[in-house]
Amino acid sequence: MDPRLLFLRYPAQDALPLRTTFGHTNPAFGSVRLNYWPARRRAPPARVVLFLPGNPGCPEYYTSFLSMLHARLPDNHAVLCTSHVGGEPSIPSPNTPLDLQQQVDAKVELVSALRASLEAWAPEAPQLVLAAHSVGSWMTCEIAKVVDIPAAYLLFPTLGWIANSYHGWTMWPLFHRPIRPLVPWISYLVRPLLPFVTLPTASYALVRSPVTIRNALHLAHSEMMTIREPDEKWFRAQAKLPVGKGVHSVWSAGNADGWVGREGPMIQDWLGEERVVELDGVRHAFCLWEEDYRQVADVLAGWIVEGTKAQVLN
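Letter by letter, the sequence shown follows residues 874 to 1187 in my numbering.
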């Protein structure tokens, strides 16, 4: 087993998730944060769900959601969440922020190391599947094109023409010069206000880390430049795979997701209704509200366990 992943063998504990790091072989990629929920039974898990976050890529935004998901999965399932490179304030950031393709390259190394380590763990290797949010979904599709992934679950995915989405238009100045280089330093002006506002715990750390804000804006700019026309041929090929295999997707119903534009209905049509779930009233940043992430955890757990179109669990 890869020594960077020996934590996979740690038994479940009362205080979860376990927090550790993964160092990339490429020094330019540095390290990422890994949060781990081991299988509740003391044995190799039957399945490991690797979760890729959206931008800025801090796993702490997803702790409550993934804890709920872990509780809904069978006791032989484990959950693992990675940060983006430079997306976790507590981890030293590379001097040069990574663009979108470099983030994908870093995650290909992690996924490949995970697969090799799981195959070395037990005669019947635990299955590795991916779940992802927002731009993490785009990364997951790119990973699946080069690494064999049995199944992937895309949550409120940004898969095409992101610069032309509602938020892509309205937030355009933040992602481009001359505003983008100034935003990290504006955080110093905001800090005195933090005791008087209520924010997610992860946001307090983010506001106090200009370097992490810089990395998030650099990645967002790269998203605007890179995520354009969806790969129709690839998505249609996913629809032809056996039920339970390949890509599945969860979307906000109607036009409620300001990061998704005209590609949403197109990709849903390409994938087919058996691979698509639409949720009414659930916001893009679902992980911030319990009423939202509870629905997503129900749907995702049902899909992972049953291998067929997800249904909300009771």
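All C-beta atoms, glycine included, are put in the ideal place defined by N, C-alpha and C.
If you draw a straight line from the C-alpha of residue i to the C-alpha of residue j, how long is it?
i: residue 1097; j: residue 916; result: 43 Å
i: residue 942; j: residue 1173; result: 8 Å
i: residue 1187; j: residue 937; result: The predicted position of residue 1187 is uncertain, since its pLDDT is 43 and thus under 50; a value taken from the coordinates is nonetheless stated next. Spanning the two alpha carbons is a distance of roughly 19 Å.
i: residue 932; j: residue 954; result: 6 Å
i: residue 898; j: residue 1137; result: 36 Å
i: residue 1071; j: residue 1086; result: 19 Å
i: residue 918; j: residue 1053; result: 44 Å
i: residue 997; j: residue 885; result: 21 Å
i: residue 1073; j: residue 1162; result: 10 Å
i: residue 1178; j: residue 1005; result: 17 Å
i: residue 1164; j: residue 1131; result: 19 Å
i: residue 1113; j: residue 1010; result: 20 Å
i: residue 968; j: residue 1041; result: 27 Å
i: residue 1069; j: residue 1107; result: 48 Å
i: residue 1150; j: residue 876; result: 38 Å
i: residue 1049; j: residue 951; result: 39 Å
i: residue 1170; j: residue 1159; result: 10 Å
Which whole-angstrom value is the C-beta distance of residue i and residue j, which I expect to be below 8 Å?
i: residue 926; j: residue 910; result: About 15 Å; that fails the 8 Å criterion.
i: residue 1143; j: residue 1109; result: 5 Å
i: residue 993; j: residue 874; result: 5 Å
i: residue 1020; j: residue 920; result: Between residue 920 and residue 1020 the Cβ distance is about 16 Å, and since that is not below 8 Å, they are no contact.
i: residue 989; j: residue 902; result: Not a contact, Cβ separation roughly 18 Å.
i: residue 887; j: residue 913; result: Not confirmed; about 12 Å, so no contact.
i: residue 900; j: residue 1082; result: Between residue 1082 and residue 900 the Cβ distance is about 21 Å, and since that is not below 8 Å, they are no contact.
i: residue 981; j: residue 1016; result: 6 Å
i: residue 1075; j: residue 934; result: 5 Å
Under DSSP, the alpha helix (DSSP H) around residue i begins and ends at which residues?
i: residue 1166; result: 1163 to 1179
i: residue 886; result: No alpha helix (DSSP H) contains residue 886, which DSSP labels as neither H nor E.
i: residue 1262; result: Past the boundaries of the shown model lies residue 1262; the chain is included only from 874 to 1187, so the question cannot be answered.
i: residue 1096; result: 1083 to 1099
i: residue 1061; result: 1056 to 1063
i: residue 1034; result: Per DSSP, residue 1034 belongs to no alpha helix (DSSP H) and is neither H nor E.
i: residue 1137; result: 1136 to 1144
Looking only at its chain, what residues have a beta carbon closer than 8 Å to the beta carbon of residue i, apart from the 5 residues adjacent to it on each side?
i: residue 880; result: 891, 893, 907 and 909
i: residue 1099; result: 972, 973 and 974
i: residue 1181; result: 1116, 1117 and 1147
Within the same chain, show all residues whose beta-carbon is closer than 6 Å to that of residue i, passing over the 5 residues directly before and after it, in chain order.
i: residue 1095; result: 972 and 973
i: residue 1037; result: 1134
i: residue 1008; result: 927, 928, 1031 and 1096
i: residue 960; result: 929, 930 and 931
i: residue 1014; result: none
i: residue 1120; result: 1025 and 1111
i: residue 1046; result: 1052
i: residue 923; result: 953 and 1003
Quick check on residue i: does DSSP put it in helix, strand or coil?
i: residue 1077; result: helix
i: residue 1005; result: strand
i: residue 990; result: helix
i: residue 963; result: coil
i: residue 901; result: helix
i: residue 1072; result: coil
i: residue 1148; result: helix
i: residue 971; result: coil
i: residue 916; result: coil
i: residue 906; result: strand
How is the beta strand (DSSP E) around residue i delimited, first residue to last?
i: residue 1045; result: Unbroken run through residue 1045: none, as it is neither H nor E.
i: residue 940; result: From DSSP, residue 940 is part of no beta strand (DSSP E) but of the alpha helix (DSSP H) over 936 to 945.
i: residue 1109; result: Taken as a continuous stretch (DSSP letters only), residue 1109 belongs to no beta strand (DSSP E), being part of the alpha helix (DSSP H) at 1105 to 1112.
i: residue 922; result: 920 to 925
i: residue 1132; result: Looking at the DSSP string, residue 1132 is not in any beta strand (DSSP E), and its letter there is neither H nor E.
i: residue 1125; result: 1119 to 1125
i: residue 954; result: 950 to 955
i: residue 1024; result: 1024 to 1028
Skipping 5 residues on each side, what residues in its chain have a beta carbon closer than 7 Å to that of residue i?
i: residue 976; result: 957, 958, 1012 and 1092
i: residue 1105; result: 1143
i: residue 1080; result: 1060, 1063, 1064 and 1067
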